[in-house]
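These notes concern the structure reproduced below.
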Amino acid sequence: MTESSPTTTPSTCPIWCLDKPGHGIDDEYDDGSGDRLHRGPRFGPLEAWATTSADGRPMIYSVDSDGSIDYSTPAALRELAAAAEEAATWLEAHREV
Ligand SMILES: [Zn+2]
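For the sequence shown, our numbering assigns the number 985 to the initial residue and increments by one for each residue that follows.
Okay, here's the thing in structure tokens:
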């Protein structure tokens, strides 16, 4: 673990990560490297997350549903649309280009 590494490695978390500091690697590979999932903020039924890797690949960001989305009413769809807009704004502010 190097504290001075200029890139995000599996040993560090982005500042927005909501998991415990130093949390584990989620996918470990034969060469000893691995990907770590970092859970970000929630936007209604949506949750932002990203993965970091040991091999220097850029962080991969995404937003997933928690499965509670109700598609059956206009009000629920508008709530989802508002949550998606908030999530999109967060992604624009945090994703590495
Ligand atoms: Zn993390």
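We treat Cβ as the ideally placed atom computed from N, Cα and C, and that holds for glycine. Being a predicted model, the structure only gives us computed values, none of them experimental.
Beta-carbon proximity of residue i to residue j, cut-off 7 Å
i, j, result
"Glu1031", "Asp1019", "no"
Identity of the residue in the options nearest residue i by Cα
i, options, result
"Lys1004", "His1022, Glu1076, Ala1066 and Phe1027", "His1022"
"Cys997", "Asp1011, Ser1037, Phe1027 and Gly1028", "Ser1037"
"Glu1012", "Thr1035, Glu1076 and Trp1074", "Thr1035"
"Ala1072", "Ile1009, Asp1048, Ser1056 and Pro1042", "Asp1048"
"Arg1041", "Ser1017, Gly1028, Ala1068 and Ser1056", "Ser1017"
For residue i, the three-state DSSP class (helix, strand or coil)
i, result
"Pro1058", "helix"
"Glu1070", "helix"
"Ala1034", "strand"
Beta-bridge partners of residue i, as assigned by DSSP
i, result
"Glu1012", "Gly1018"
"Asp1048", "Glu1031"
Which residues have a Cβ closer than 6 Å to any heavy atom of ligand 1, listed in chain order?
-> Cys997, Cys1001, Asp1003, His1007 and His1022
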